[in-house]
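S.K.: Could you have a look at this structure, given as structure tokens, before my questions?
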Amino acid sequence: MDSTIFLLLAQDALTNGAIYILLALATILIFGVTRIIFIPQGEFVAFGALTLATLQMGEVPGTVWLVVALAVVAAIMEAYRLLRMGVSREIPAAVARTLAPPLVVSGIAYVCAPLNLNLGWQVLLTVMLVTTLGPLVYRVAFRPIADTSVLNLLIAAVAVHFALVGLALLFFGAEGFRTPAFSEAQIPLGVLTVSGQSIWVYVMSIAFIGLLAYFFGRTMYGKALRAVAFNRNGARLVGISPSLAGTLAFALAALIGCLSGILIGPITTIYYDSGFLIGLKGFASAIVGGLASYPMAAGGALLVGITESYSSFWLSAYKDVVVFTLIIPVLLWLSLRSVHFEEEE
Amino acid sequence: MNRLRLLTGMVTLLFTATVAMADITIGVNLSTTGPAASLGIPEKNALAFAPKTIAGQNVKLVVYDDASDTTTAVQNTKRLVSENKVDLIIGSSTTPCSLAMVDVAAGAKTPMLSVASASAIVAPVDAKRKWAFKVSANDDIYAAAMVAHMVKKGVKSVGVIAVDDPYGESNTQEYVKLAKKYGIKTQSIEKFKKTDTSVTAQVLKLMSGKPDAMFIVAVGTPAALPHTALVERGYKGKIYQTGGAANADFLRVGGKALEGSFLPASPVLVAEQLPNGYPTKAEALKFAKAYEGKYGPRSTFASHIWDALKIVEAAVPKALKKAKPGTPEFRQALRDAIETTKGYNGAYAVFNMSPTDHSGVDQRGMSVIKIENGKWKLEDHAKF
Chain A
1 MDSTIFLLLA QDALTNGAIY ILLALATILI FGVTRIIFIP QGEFVAFGAL
51 TLATLQMGEV PGTVWLVVAL AVVAAIMEAY RLLRMGVSRE IPAAVARTLA
101 PPLVVSGIAY VCAPLNLNLG WQVLLTVMLV TTLGPLVYRV AFRPIADTSV
151 LNLLIAAVAV HFALVGLALL FFGAEGFRTP AFSEAQIPLG VLTVSGQSIW
201 VYVMSIAFIG LLAYFFGRTM YGKALRAVAF NRNGARLVGI SPSLAGTLAF
251 ALAALIGCLS GILIGPITTI YYDSGFLIGL KGFASAIVGG LASYPMAAGG
301 ALLVGITESY SSFWLSAYKD VVVFTLIIPV LLWLSLRSVH FEEEE
Chain B
1 MNRLRLLTGM VTLLFTATVA MADITIGVNL STTGPAASLG IPEKNALAFA
51 PKTIAGQNVK LVVYDDASDT TTAVQNTKRL VSENKVDLII GSSTTPCSLA
101 MVDVAAGAKT PMLSVASASA IVAPVDAKRK WAFKVSANDD IYAAAMVAHM
151 VKKGVKSVGV IAVDDPYGES NTQEYVKLAK KYGIKTQSIE KFKKTDTSVT
201 AQVLKLMSGK PDAMFIVAVG TPAALPHTAL VERGYKGKIY QTGGAANADF
251 LRVGGKALEG SFLPASPVLV AEQLPNGYPT KAEALKFAKA YEGKYGPRST
301 FASHIWDALK IVEAAVPKAL KKAKPGTPEF RQALRDAIET TKGYNGAYAV
351 FNMSPTDHSG VDQRGMSVIK IENGKWKLED HAKF
């Protein structure tokens, strides 16, 4: 291995690491706020890239129908919940609140899909569609069982993962897609050539970290989310609704996943089942951060990216084995170091 | 529509199972979901061309999906032989699933026609594989066509990048064996996963050896990722793909990067360009017209099912002379009849089965194809 290859591998590691950072952030966010180990995080990545690819072909993506169907289910669940609570006069307003945003978004997407808009508008449509998916998934699959054990939530997350992968196969087919690059530029940098697309990845990743830092540090909603993550019962006592916090966390996670998908769509081929492995690497990074620390998780993501890149060079057949084996010493170290306290169930 | 028809077919079968025992029942098990779905879906499409009757007997199809999973493949096969009492099984799409099915099919003494690629499914013909047949070319037929082309082009050293699954493994092995025989050096063999976000590292490693050619082993669109990475990194040598890559989606995803690369594949892809008189030309054109009129660009995987159905259509009348459908004697007779398939000019290849060769595909079922202007171009075909 010479220095050129070393640098090229480092560059590759950085690009992948930047994506894993985004996914690790989303994983920690959801776990902190809702205690859900959100396995389907990667599915938002696949849905993001594939929805954009379908829009590129001038067709209506299946995501539109999924959003509509989930909105209807969510509205029925909401009506049933209010009925059981004996406040049936609130039902029309609640149903309208649940149905309106998803229906508007999918309606716009349905109308705009065949128009062959330029890339920027299509990206915006994709982001809107997939971001709407997040809160709906939370409402339908997790909110009714929000207070059960972490294990129950994990099982529900696995079920959601399988459901979303199956639906993705139905909507997008078995073959892969590549989306057009945001920028075709190639910038020579010594021995390296930096592609415009990878600069987009870096910029977006850094921008998102900054945005999340601002959101959690400066805004009311961000502080509310942190309060829920810190102490659910305490947050409830001071009037923060955990279900609102959950909805918000899922919207953010879906947004992050969707953007990651759109960013890597031009770099690699995305399949209906691509999301799982990408999400798992984001999860591995989050584990390094103890599923709590954002900066540590970012470090973990870079570590995963670097390990992946260099192990692909030397031991391509065992690449993923190397990457995931990495978690074991980290877990060992974390569990030896940390003071154990039992979670209240 | 198609799915609905299959479903109604299955339901009617359930209701009429007792009265219609004399009908010929064909069990089909394909990988229409899971990692091999890109093979299974065109294969299932082609089932629409199944004959409604053969020699005056009604034909019933029972179709299952094994989700590209070997355990499910075994369960489906057990259901086909015990509940549906099928006379013959077609499937599965992948080598691991097909291998898993061989035991069950042999145990129930039911002939099976696999549409997967590896020669291990049918060779060597022993007590179990007596019941297993295959309508695709063995790996060595693919490798032979490609290595011959490499020799012709003066390729001396090759770097291999293979997808990390049984397809990648078996095709790489066959290739390496043959390349050694012809004095072509295999520099290094790298692995990648279909869902990898980057293969830059593997590509850099391969390129550091400066081989004359690269050989990419993967099925369908996953084959495009290493190809694009090689071109992006400025690799100037020849790039070879396997026949498994040959579908329209691969061309779409790979785009311009694929220009000028080669792959060994069934001449069905370039049927129009074949010289007149090529044994498979007529049937390939017939298949292409039927399939493309209904589902879009043709696929070699779909042509496997087309040929499998034709082989069954030819074998059933012979078997009917010996026994009635639904009986063990009929299944035995059907097996014997399939084994004597001779000189059938299919869409995919020419089939000559024998007691020692249960694939029956020879070099005439293989051509070398070049990708030019985003289309398949016939580069080299076997003598006929």
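So the protein sequences, as listed, match chains A and B.
Be aware that the first sequence starts at 1, since it is given in full-length UniProt numbering, and climbs by one per residue.
Be aware that the second sequence starts at 1, since it is given in full-length UniProt numbering, and climbs by one per residue.
Virtual Cβ for every residue (Gly too), placed ideally from N, Cα, C.
1. Going straight from the alpha carbon of Met21 (chain B) to that of Lys85 (chain B), what length do you get?
2. Using a cut-off of 7 Å between C-beta atoms, extract the partners of Ser312 (chain A) located in chain B.
3. Tell me Gly91 (chain B)'s beta-bridge partners as DSSP assigns them.
4. In chain order, what residues of the same chain have a beta carbon less than 6 Å from the beta carbon of Arg252 (chain B), not counting five sequence neighbours either side?
5. Considering only residues of the same chain and omitting the five flanking positions on each side of Pro297 (chain B), which have a CB-CB separation below 6 Å?
6. State the Cα-Cα distance for the pair Thr95 (chain B) and Arg129 (chain B), rounded to the nearest angstrom.
7. Using 8 Å as the cut-off, can you tell me whether the segment 276-296 of chain A makes contact with the segment 8-27 of chain A, which would need three or more C-beta pairs spanning the two stretches below that distance?
8. Examine chain B for any beta-carbon lying closer than 7 Å to the beta-carbon of Asn16 (chain A), and answer yes or no.
9. Thinking Thr197 (chain B) and Ile209 (chain A) are a contact (beta carbons under 8 Å), I'd like their distance in whole angstroms, please.
10. In whole angstroms, give me the CA-to-CA distance for Lys321 (chain B) and Asp87 (chain B).
11. Buried or exposed for Met57 (chain A), please, with buried defined as at least 16 other CB atoms from any protein chain shown within 10 angstroms of its CB.
12. Counting pairs of Cβ atoms below 8 Å between the segment 245-265 of chain A and the segment 115-131 of chain A, do you hit three or more?
13. Any C-beta of chain B within less than 8 Å: which residues of the segment 168-198 of chain A qualify?
14. Whose Cβ in chain A lies nearer than 8 Å to the Cβ of Ile41 (chain B)?
15. For Glu272 (chain B), which three-state DSSP category applies?
16. For Thr4 (chain A), I'd like the list of residues in its chain whose CB is within less than 6 Å of its CB, leaving aside the five on either flank, ordered along the chain.
17. Taking any Cβ of chain B, which residues in the segment 262-277 of chain A have a Cβ under 9 Å from it, in chain order?
18. I want to see whether chain A comes within less than 7 Å of Val63 (chain B), judged by CB atoms only; does it?
19. Could you say which of B:Phe192, B:Ile121, B:Thr242 lies nearest to Asn171 (chain B) if we only look at CA atoms?
20. Between Met101 (chain B) and Asn29 (chain B), how many whole angstroms is the CB-CB distance? I'm expecting something under 8 Å.
21. With H, G and I counted as helix, E and B as strand and the rest as coil, what does DSSP make of Thr16 (chain B)?
22. Measure the Cβ-Cβ separation of Leu225 (chain B) and Val199 (chain B) and say whether it is below 7 Å.
23. Determine whether the beta carbon atoms of Glu43 (chain A) and Gly275 (chain A) lie at a separation below 7 Å.
24. Here's the rule: buried if 16 or more other CB atoms are within 10 angstroms of the residue's CB, otherwise exposed. What is Leu237 (chain A)?
25. For the putative contact between Pro242 (chain A) and Arg232 (chain A), defined by C-beta atoms under 8 Å, what is the C-beta separation to the nearest angstrom?
26. Looking only at C-alpha atoms, which of B:Ser98, B:Met214, B:Ala106, B:Ala118 sits nearest to Arg331 (chain B)?
27. Here's the rule I'm using: 16 or more other beta-carbon atoms within 10 Å means buried, otherwise exposed. How should Asn276 (chain B) be labelled?
28. Helix or strand or just coil, what does DSSP make of Ser299 (chain B)?
29. Among all the DSSP beta bridges, which residues are the ones paired with Trp376 (chain B)?
30. So, is Val368 (chain B) buried or exposed, given that buried needs 16 or more other C-beta atoms within 10 angstroms?
31. From the DSSP output, in three-state form, read off Asp140 (chain B) for me.
32. In angstroms, rounded to a whole number, what distance separates the CA positions of Leu274 (chain B) and Tyr344 (chain B)?
33. I want to verify the contact list: residues of chain A whose CB lies under 8 Å from the CB of Ser261 (chain B), in sequence order.
34. Please return the same chain residues whose Cβ sits closer than 8 Å to the Cβ of Leu151 (chain A), not counting the five positions on each side in sequence.
35. Is it buried or exposed, Gly220 (chain B), if we count other Cβ atoms within 10 angstroms and call 16 or more buried?
M.R.: Taking the geometry as given:
1. One-based indexing of the second sequence puts residue 21 (chain B) at position 21. One-based indexing of the second sequence puts residue 85 (chain B) at position 85. With a pLDDT of only 49 at Met21 (chain B), under the threshold of 50, the placement of this residue in the model should not be trusted; the figure read from the coordinates follows. Distance between Met21 (chain B) and Lys85 (chain B), taken at the CA atoms: about 9 Å.
2. The residue given as residue 312 (chain A) occupies position 312 in the first sequence. Ordered by position in chain B, the residues that pass the 7 Å Cβ test against Ser312 (chain A) are Ala201, Gln202.
3. By 1-based counting over the second sequence, the position of residue 91 (chain B) is 91. Note: Gly91 (chain B) sits in a beta bridge opposite B:Asn29.
4. In the second sequence, counting from the first residue as 1, residue 252 (chain B) sits at position 252. Closer than 6 Å at the Cβ level, and outside the excluded window around Arg252 (chain B), lies no residue.
5. Position 297 of the second sequence, counting from 1, holds the residue named residue 297 (chain B). For Pro297 (chain B), same chain residues with a beta-carbon under 6 Å away, outside a window of 5 residues either side, are Ala248 in chain order.
6. Taking the second sequence and counting its residues from 1, the one referred to as residue 95 (chain B) is at position 95. Taking the second sequence and counting its residues from 1, the one referred to as residue 129 (chain B) is at position 129. When rounded, the separation of the alpha-carbon atoms in Thr95 (chain B) and Arg129 (chain B) is 14 Å.
7. yes
8. As a working mapping, residue 16 (chain A) is identified with position 16 in the first sequence. With 7 Å as the cut-off, Asn16 (chain A) counts as an interface residue toward chain B.
9. Taking the first residue of the second sequence as 1, we reach residue 197 (chain B) at position 197. Taking the first residue of the first sequence as 1, we reach residue 209 (chain A) at position 209. Not really, about 20 Å apart at Cβ, beyond 8 Å.
10. As a working mapping, residue 321 (chain B) is identified with position 321 in the second sequence. As a working mapping, residue 87 (chain B) is identified with position 87 in the second sequence. Cα to Cα, Lys321 (chain B) sits roughly 15 Å from Asp87 (chain B).
11. Along the first sequence, one-based indexing puts residue 57 (chain A) at 57. By the neighbour-count rule (16 or more Cβ atoms within 10 Å), Met57 (chain A) is not buried but exposed.
12. Proximity of the segment 245-265 of chain A to the segment 115-131 of chain A meets the contact definition, three or more beta-carbon pairs being nearer than 8 Å.
13. Leu169, Gly173, Ala174, Glu175, Gly176, Phe177, Arg178
14. Within the second sequence, residue 41 (chain B) is the residue found at index 41, counting from 1. Neighbours of Ile41 (chain B) in chain A, taken as residues at a C-beta separation under 8 Å, are given in chain order as Gly173, Ala174.
15. What you label residue 272 (chain B) is simply residue 272 of the second sequence in a count that begins at 1. It is helical.
16. Counting from one through the first sequence, the residue named residue 4 (chain A) turns up at place 4. For Thr4 (chain A), same chain residues with a beta-carbon under 6 Å away, outside a window of 5 residues either side, are Val191 in chain order.
17. Contact residues of the segment 262-277 of chain A toward chain B are Ile264, Ile267, Thr268, Thr269, Ile270, Tyr271, Tyr272, Asp273, Ser274, Gly275, Phe276, Leu277 (C-beta to C-beta distance below 9 Å).
18. For the purposes of this step, residue 63 (chain B) is taken as residue 63 along the second sequence, with counting starting at 1. For Val63 (chain B), the answer is no, since every Cβ of chain A falls outside 7 Å of its Cβ.
19. As a working mapping, residue 171 (chain B) is identified with position 171 in the second sequence. Of B:Phe192, B:Ile121, B:Thr242, the residue nearest in Cα terms is B:Thr242.
20. On the second sequence, position 101 is the one that residue 101 (chain B) refers to. On the second sequence, position 29 is the one that residue 29 (chain B) refers to. Confirmed, about 7 Å.
21. Locating residue 16 (chain B) in the second sequence gives position 16, counting from the first residue. Because the pLDDT of Thr16 (chain B) is 48, which lies under 50, any placement of that residue in the model is unreliable, and the number read from its coordinates should be weighed accordingly. Helix, per DSSP.
22. Working through the second sequence from its first residue, we reach residue 225 (chain B) at position 225. Working through the second sequence from its first residue, we reach residue 199 (chain B) at position 199. Their beta carbons are under 7 Å apart, which means Leu225 (chain B) touches Val199 (chain B) by this criterion.
23. Numbered from 1 along the first sequence, position 43 holds the residue referred to as residue 43 (chain A). Numbered from 1 along the first sequence, position 275 holds the residue referred to as residue 275 (chain A). Yes, the pair counts as a contact, with Cβ atoms nearer than the cut-off.
24. Your numbering for residue 237 (chain A) matches position 237 in the first sequence. The residue in question, Leu237 (chain A), is exposed, as its Cβ has fewer than 16 Cβ neighbours within 10 Å.
25. Locating residue 242 (chain A) in the first sequence gives position 242, counting from the first residue. Locating residue 232 (chain A) in the first sequence gives position 232, counting from the first residue. That pair is a contact at about 6 Å.
26. Counted from its first residue, the second sequence places residue 331 (chain B) at position 331. Measuring from the Cα of Arg331 (chain B), the nearest candidate turns out to be B:Ala106.
27. Counting from 1 along the second sequence, the entry for residue 276 (chain B) is found at position 276. Exposed, because fewer than 16 other Cβ atoms sit within 10 Å of the Cβ of Asn276 (chain B).
28. Taking the second sequence and counting its residues from 1, the one referred to as residue 299 (chain B) is at position 299. Ser299 (chain B) falls in the coil class under three-state DSSP.
29. Numbered from its first residue, the second sequence carries residue 376 (chain B) at position 376. In DSSP, Trp376 (chain B) forms a bridge with B:Ile371.
30. Within the second sequence, the letter at position 368 stands for residue 368 (chain B). That one is buried.
31. The residue given as residue 140 (chain B) occupies position 140 in the second sequence. Looking at Asp140 (chain B) - three-state DSSP - the assignment turns out to be helix.
32. Here residue 274 (chain B) refers to the residue found at position 274 of the second sequence. Here residue 344 (chain B) refers to the residue found at position 344 of the second sequence. Distance between the alpha carbons of Leu274 (chain B) and Tyr344 (chain B) is about 18 Å.
33. Within the second sequence, numbered from 1, the residue matching residue 261 (chain B) stands at position 261. Correct list: empty, because the minimum Cβ distance to chain A is about 16 Å.
34. Counting from one through the first sequence, the residue named residue 151 (chain A) turns up at place 151. If we look at Leu151 (chain A) and ignore the five residues flanking it on each side, it has no Cβ neighbours.
35. The residue given as residue 220 (chain B) occupies position 220 in the second sequence. It counts as buried.
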